[in-house]
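Numbering (our numbering), first residue to last: 4 to 473.
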């Protein structure tokens, strides 16, 4: 039925000769089953089941021959979900040259497990220009020095600077095959995972589960497990069904949000994801007018607030929520407050101890001389290093050395004591190629020019540079 109007009637042949008199959910031959076409499933769907509707069999009691017992069609809870809009970001590690292998040819494989387990009606995925991660330490199997955390933070800052409504998923190629495979926010719209298909598909599903508000299921030693998870040991707890193979999944299988293998999805996780994505998946709207903003970003890790260098951009503002235990302030040289926002950092789901990240593009009329974040982790202050007192901008920086070292690579060198970070951008597409650290970095680009934004921590100044040797 569709809102009370009969659409179709189907006769289901009995799977066995006899009629079972007890419920056995673990055997498809102990029930009558019908696959509905996708076209029949939508809001307004109603069902009624009749046993022996033509009264071919004489019974003393026919009161239990209908579902529902009243014979009135039962309304199904069918939700309309907007498309999952996603952007893959191939991450190139400057330190070892490894690139996350995600392409138009294999991107659907990263979504295979997500489509199998989660309520996605459809998705729209694209692949961004490669992003260069310039940390001097390769991405580690145990995140001992925080490389996973930093690359996630950079992908989140990249998404914020892009002012994109899409979920961002960074894809990395690791030097190991056993260890940390992914990291993401709970909730949020950024995550990172390795490229080792087919396991990468399960990793991506787990991280998107976090993005959709799901905490860990208590299985395999997963940290910070969901205290409300209803089934001991992190199992799915009820019978599942694999539509693709038409097979049942036993209740003893572990949930996708734990750390155990051979997993499936529980009714608890599925329902939580449905509620989250129905509210958060939105149809893309025209972007707001771009204006001068300051990209402010960082982390709260190990009880310490860590500021990253800020950059002045022309972009759509992405401002803090206005609520939370942390405050962000911009101050003039004389201490006058230029802006103040309250916020709550995005929680990193897979960190060994609580960790939160933040990234905003706040509108600016007057350039601040210092930034301050205050919260439970203490206080962090970033001061402009290069601007004269009262000056609104930095003086022109010393030119960075930009040389071609391969057809697809350039080497940057600059004064890190004055400018701890450069934002490297393609002047043609305006896409950010890297947040380059440390005074020297190799960045992947084939362009003959790059745009550099030199940050002294608070203020930044741009320069367009020709690549030597091209």
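Cβ coordinates follow ideal geometry from the N, Cα and C atoms, glycine included.
Residue 145 in three-state terms, based on DSSP: In this structure, DSSP gives residue 145 a state outside helix and strand, which the three-state scheme calls coil.
Does DSSP put residue 212 in a helix, a strand or coil? Helix.
Same chain, Cβ closer than 7 Å to residue 281, five either side skipped, listed in chain order: Closer than 7 Å at Cβ, skipping near neighbours: 82, 84.
Might you give, ordered along the chain, the residues of its own chain that have their beta carbon closer than 7 Å to the beta carbon of residue 153, omitting 5 neighbours on each side? For residue 153, where only same-chain residues beyond five positions count, the Cβ hits under 7 Å are 138.
Excluding sequence positions up to five away, which residues of its chain have a Cβ less than 7 Å from the Cβ of residue 341? Excluding residues within five positions, the ones whose Cβ falls inside 7 Å are 333, 334, 335, 369, 371.
Buried or exposed for residue 180, please, with buried defined as at least 16 other CB atoms from any protein chain shown within 10 angstroms of its CB. Under this definition residue 180 is an exposed residue.
Cross-strand partners of residue 251 (DSSP beta bridge): DSSP, once it has assigned bridges, lists 244 as partnering residue 251.
Does DSSP put residue 464 in a helix, a strand or coil? DSSP places residue 464 in strand when its eight states are reduced to three.
Where does residue 70 land, buried or exposed, given buried means 16+ other C-beta within 10 angstroms? Residue 70 is exposed by the Cβ-count criterion.
Beta carbon of residue 151 nearer than 7 Å to that of residue 183: If you check the CB distance, residue 151 and residue 183 come in under 7 Å.
Taking all protein chains shown into account, decide if residue 458 is buried (16 or more other Cβ within 10 angstroms of its Cβ) or exposed. The residue is buried, with at least 16 neighbouring Cβ atoms inside 10 Å.
Using DSSP with H/G/I as helix, E/B as strand and the rest coil, what is residue 417? Coil.
Counting Cβ pairs closer than 8 Å, one from the stretch 310-328 and one from the stretch 372-385, do we hit at least three? At 8 Å Cβ cutoff, the stretches touch.
Using only alpha-carbon positions, find the residue among 387, 360, 364 that is nearest to residue 378. Looking from the CA of residue 378, the closest CA among 387, 360, 364 belongs to 360.
Of all the beta strand (DSSP E) runs that stay within the bounds of the stretch 108-136, which reach a length of 3 or more residues? Taking only runs of at least 3 residues, the beta strand (DSSP E) segments lying wholly in the stretch 108-136 are 126-130, 134-136.
Around the C-beta of residue 159, are 16 or more other C-beta atoms found within 10 angstroms, so that it is buried, or is it exposed? Taking all protein chains in view, the Cβ of residue 159 is crowded by 16 or more other Cβ atoms within 10 Å, so the residue is classified as buried.
Helix or strand or just coil, what does DSSP make of residue 234? The answer is coil: DSSP assigns residue 234 none of H, G, I, E or B.
With 16 other Cβ atoms within 10 Å as the buried cut-off, status of residue 162: In the assembly as shown, residue 162 is a buried residue. Its beta-carbon has 16 or more other beta-carbons within 10 Å.
Which class does residue 156 belong to by DSSP, given the choice of helix, strand or coil? Three-state DSSP puts residue 156 in a helix.
Which same chain residues end up closer than 7 Å to residue 21 when comparing Cβ atoms and leaving out the 5 residues on each side of it in sequence? Cβ neighbours of residue 21 beyond the five flanking positions: none.
Specify the secondary structure class of residue 294 as computed by DSSP and reduced to three states. The answer is strand: DSSP assigns residue 294 an E or B state.
Tell me the residue span of the beta strand (DSSP E) that contains residue 470. Per DSSP, residue 470 belongs to no beta strand (DSSP E) and is neither H nor E.
Quick check on residue 272: does DSSP put it in helix, strand or coil? DSSP places residue 272 in helix when its eight states are reduced to three.
Same chain, Cβ closer than 7 Å to residue 203, neighbours up to 5 away in sequence not counted: Excluding positions up to five away in sequence, the list reads 113, 196, 197.
Could you tell me which of 208, 462, 337, 18 sits nearest to residue 87, measuring between CA atoms? Checked all of 208, 462, 337, 18; the closest Cα to residue 87 is 208.
Taking just the CA atoms, how far does residue 187 sit from residue 366? Looking at the two C-alpha atoms, the distance is approximately 27 Å.
What did DSSP end up calling residue 103 once you bin it into helix, strand or coil? The three-state secondary structure of residue 103, taken from DSSP, is coil.
The beta strand (DSSP E) with residue 377 in it runs from where to where? For residue 377, the uninterrupted beta strand (DSSP E) segment begins and ends at 373-378.
Taking all protein chains shown into account, do 16 or more other C-beta atoms lie within 10 angstroms of the C-beta of residue 43, making it buried, or fewer, making it exposed? Residue burial is scored here from C-beta neighbours: residue 43 has fewer than 16 other C-beta atoms within 10 angstroms and is therefore classed as exposed.
Using 7 Å as the threshold, is the C-beta distance between residue 92 and residue 171 below it? Yes.
Express the C-alpha separation of residue 425 and residue 462 in angstroms, rounding to a whole number. Each residue's Cα considered, the two are about 12 Å apart.
Look up residue 533 in the DSSP assignment and say whether it is helix, strand or coil. Residue 533 falls outside the range modelled here, since the chain spans only 4 to 473, and no answer is possible.
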